[in-house]
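Structure, as structure tokens:
Number of protein chains: 2
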Amino acid sequence: MPTFSLDDGFHDASRTVPGKRMTPPEVDRPLLAYETALGICLSAVDRCVPEETVDIAKSLGRVLRQDVTSGIAVPPFDKSAMDGYAVKQDDVKSASEKKPVVLKVVDEIPAGTVSDVVLRSGEAARIMTGAPLPVGADAVIRLEKTESAQAGLVQVYGKVDENNYVIYKGQDLLPGTRVASAGTIVEPALMGIMANCGVCDVKVSCPPSVGIISTGSELVPPGTRLQGGQIYDVNSYLLYGLCAMAGCDVSILGRVVDKSCDLLSLLNSHSDVDLLLLSGGMSVGDYDIVHETLKRAGVEEIFWRVRIKPGKPLFFGRRGSALVFGLPGNPVSSATNFYLFVLPVIDKLLGKSSWGLETGYAVLGNSMLFRPGRRKFLRAKLRRDGASHVAWVLNEQRSGVLSPMVDADILVEVPEDARMVKDGDVVKVYYL
Amino acid sequence: MPTFSLDDGFHDASRTVPGKRMTPPEVDRPLLAYETALGICLSAVDRCVPEETVDIAKSLGRVLRQDVTSGIAVPPFDKSAMDGYAVKQDDVKSASEKKPVVLKVVDEIPAGTVSDVVLRSGEAARIMTGAPLPVGADAVIRLEKTESAQAGLVQVYGKVDENNYVIYKGQDLLPGTRVASAGTIVEPALMGIMANCGVCDVKVSCPPSVGIISTGSELVPPGTRLQGGQIYDVNSYLLYGLCAMAGCDVSILGRVVDKSCDLLSLLNSHSDVDLLLLSGGMSVGDYDIVHETLKRAGVEEIFWRVRIKPGKPLFFGRRGSALVFGLPGNPVSSATNFYLFVLPVIDKLLGKSSWGLETGYAVLGNSMLFRPGRRKFLRAKLRRDGASHVAWVLNEQRSGVLSPMVDADILVEVPEDARMVKDGDVVKVYYL
């Protein structure tokens, strides 16, 4: 069985000898468990974003803030599902190709009009798809099973089978039927269904406002020329994309070097956002500087560091009505924290009925060894093998290496205490 | 084995007795096979929409019209993956918790700066995450495995294990590596990766312009009060949502009654769209009127009617540079035709590398009987049962009934000649 080790040095706390100079006392605090940290993040969301009313044509992808109920029966009348002739079933029960039944044609009913005839035995009405059945008719014979050789008469070549081509009033929706609940994301089919009920506008959530700040003296924006020791700012763009996809109104507020004054003035000039995403400066060596700045800027710390990998040095706090995430500078860790913690918070702010990535199960395609301790979230590719889904964990899991991230379409969860997972194991997966 | 019949009267052509008055001669033409019709639609797309250059922050969901290649090595230098001390591996190979190795600290290297020291045996440099390794160093010892009890010296408590915490220059990307190909849809991870390469803007497709027209005297817009025989216009909103989701710039051009002059003037005043979607008026009884109007408006017919269910009366044509789809008035049929024919055309116009819905396989959860003849596309729900995916075909398949459509997340394909499918069968599915 081929295995590869994904361990890049998770350390058992008992073996740690902290450096005296650079390590703040907080490092000794126990790390939070994943579920505990997520629970704290969600509890901190004590409101939804405001709502607005939009035309249903503009509601795609928005989150409903109201139940949508049909005020009418759909269809609003007994409707012909076919072009043909409205008849009484009893009149044609003996009809066959050899022995057609002849009926008198008493009306012609286009869609959009109501016939004023009352159909009697021996009579038929020419009817178009979507037109209301005349009173007295209980079935429609398809045009292809008829022949109108003589003016005013029609020959019917078949009886009514299990399908009478009538869609009854209210058969699709009864008046008062709820077609969607608050918290639902509007999809094209729902747009059609809302129109079907006569609903022309709906209340939806306004997009949460998110401000993104990258910290790090080494960061420069793409498009500039790198000097020694510099790298491009990845997180601003990665987080912009992730937040925009989650339905937010995103602003890249800026890049700040690790000096507290820059960060402080940025925080002060953007105090009205719903969510503030900082990245960088959250690891052990940097923590004291950024932590001190956040404190002085009025950011109340709620927690720091979670027992997961990648993404351990997550900071979560609050500043007025804004929730503040301090994400690791490493883009892979940053994205993992986004999916695990920030996305559920955005979803709850939006008033969605479920929060965070959809989860499921897959069969593992490869085997791996681990050092136990933290919950792992491994980037993987889901391949369909017939009807079953196989998760292939990507070879490159080091959080410093970003490029394999485009190949990943799931995260595979590995429990804290696992030392090994084997091909064939069923694992929990998070769909990206 | 419980089965239910989904047949609502597909008729064998040999048994058809066409009505003499209402049926145009075209009805006798053989129906096109699904693949033939799709092939014709795709062949008619002889160009892509124009391209534009956008900032990478604005590129989410857009289709690339260029390959994206890294102009630099990523990372651009040998980079420390941890806070700690840059060392020579040979110096610390005997280090342990009981017998630490003492090294002289010759520099401190924050991220964003380049050290000018050349590390010699017995020396270490304090280094921060993301900073370039000094010349002469070949590993980083994590801060937690060190202690700096005495100024200018560091005690190292562990040797370098399989992970030396160095990310080498070009280890993520070598200069010239292609990170994305033309035709790719930009996702958040790719936004980050493009930034990582220093790319600040990219060429993407402009959104295809789509005009939507509903035909039918019975249609009124939602928000108005229904009169006898009237129903709400569903297709304008359903198709708006489907096209917007596919990346188009959509306009609802209007609703026209079945009179040719209205349709003609609408077509004439919107001749600049890439795609024109008409719905309604495509079935046998209506066909002659709309067909005649389209002809007079300069729409060249390419085909009419496909051997599928639902959605048989599909019209495809061309008017100048605009491709014209005539979709059935029935919303379910209209949406099915959208997914099977219109979406691939939009994808090809956008320059995407793959066209149409993603397909796969699933195990069927229920059994059904059919009359053979047309390829069926059944609305179904995919349920995950452990690692395997089970397709449950919805009970309600009549194309006149719209509301179950929100429950469907796949279409299950049933071959033309199938008389039955059974639970446990592996079937082809289209992911909605």
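As given, the protein sequences belong to chains A and B, one line each in that order. Counted from 1, the first sequence has number 370 at position 370 by this note's numbering; the numbering is strictly sequential. Counted from 1, the second sequence has number 581 at position 149 by this note's numbering; the numbering is strictly sequential. No residue lacks a Cβ here, since even glycine has one placed at the ideal position from N, Cα and C. Here the structure is a predicted model, which is why all the values come from computation and not from measurement.
Against chain B, the CB of CYS200/A has a partner CB under 8 angstroms away; the residue lies at that interface.
Contact annotation: GLN521/B and VAL592/B have beta-carbon atoms nearer than 8 angstroms. The shortest CA-to-CA distance from LEU695/B to any of GLY648/B, LEU575/B, ALA676/B and MET852/B is the one to GLY648/B.
Unbroken alpha helix (DSSP H) runs of no fewer than 4 residues, entirely contained in the segment 24-79 of chain A, are found at 34-44, following chain order. At a beta-carbon threshold of 7 angstroms, the residues of chain B lying near GLU218/A are ALA543, GLY544 and GLY562, ordered along the chain. Within the segment 302-314 of chain A, no residue has a Cβ lying closer than 9 angstroms to any Cβ of chain B. Classified as exposed, LYS727/B has fewer than 16 neighbouring CB atoms from the shown chains inside 10 Å of its CB.
For PRO847/B, the closest of LYS860/B, MET837/B and LEU470/B by C-alpha to C-alpha distance is LYS860/B. By the criterion of a C-beta distance shorter than 6 angstroms, GLU97/A is surrounded in its chain by TYR157, once the five residues flanking it on both sides are discounted. Residue environment for ARG126/A: buried (at least 16 other C-beta atoms within 10 angstroms of its C-beta). In the pairwise beta carbon analysis, the segment 628-646 of chain B is classified as touching the segment 473-482 of chain B: at least three pairs are separated by under 8 angstroms. Here DSSP, grouped into helix, strand and coil, assigns LEU864/B to coil.
Between PHE802/B and LEU843/B, the gap from beta carbon to beta carbon reaches 8 angstroms or more. 8 angstroms or more divides the Cβ of ASP841/B from the Cβ of LEU826/B.
For the segment 808-823 of chain B, residues whose beta-carbon sits nearer than 7 angstroms to a beta-carbon of chain A comprise ARG816, GLY818, ALA819, SER820 and HIS821.
A straight-line Cα-Cα distance of about 16 angstroms links GLY329/A and SER403/A. Below 8 angstroms, too few C-beta pairs join the segment 190-204 of chain A and the segment 215-229 of chain A to call them touching: fewer than three. Between VAL332/A and SER399/A, the CB-CB gap stays under 8 angstroms.
Assigned with DSSP and collapsed to three states, ASP604/B falls in coil, not helix or strand.
Proximity of LEU411/A to chain B, defined by a Cβ-Cβ separation below 8 angstroms, is not satisfied. If you look at ASP779/B, you'll find it in the alpha helix (DSSP H) that goes 775-781. Contact annotation: LEU60/A and PRO344/A have beta-carbon atoms that are not nearer than 8 angstroms. Against chain A, the beta carbon of ALA513/B has neighbours under 9 angstroms at ASP8, ASN330, ARG398, SER399 and GLY400, listed in chain order. DSSP links THR146/A through a beta bridge to VAL156/A. ARG374/A has its alpha-carbon roughly 5 angstroms from the corresponding atom of ARG307/A. Distance from the CA atom of ILE40/A to the CA atom of PRO313/A, rounded to whole angstroms, is 16 angstroms. Judged by their CB atoms, VAL567/B and GLU555/B are not nearer to each other than the 8 angstroms cut-off. Secondary structure note for TYR237/A: it is in no beta strand (DSSP E), and the uninterrupted alpha helix (DSSP H) holding it is 235-245. The segment 110-122 of chain A makes no contact with the segment 163-179 of chain A, as fewer than three CB pairs between them are under 8 angstroms. In this structure, VAL426/A lies near GLY818/B, with their beta-carbon atoms less than 8 angstroms apart. In the three-state scheme derived from DSSP, where H, G and I count as helix and E and B as strand, ALA840/B is classed as coil. Per DSSP, the continuous alpha helix (DSSP H) segment holding THR768/B begins and ends at 763-769.
For ASN595/B and LYS813/B, the gap between their C-alpha atoms comes out near 46 angstroms.
The Cβ-Cβ distance between ALA189/A and VAL500/B does not fall below 8 angstroms. Contact annotation: CYS200/A and GLY71/A have beta-carbon atoms that are not nearer than 8 angstroms. Listed as beta-bridge partners of LEU277/A by DSSP are ILE212/A and PHE325/A.
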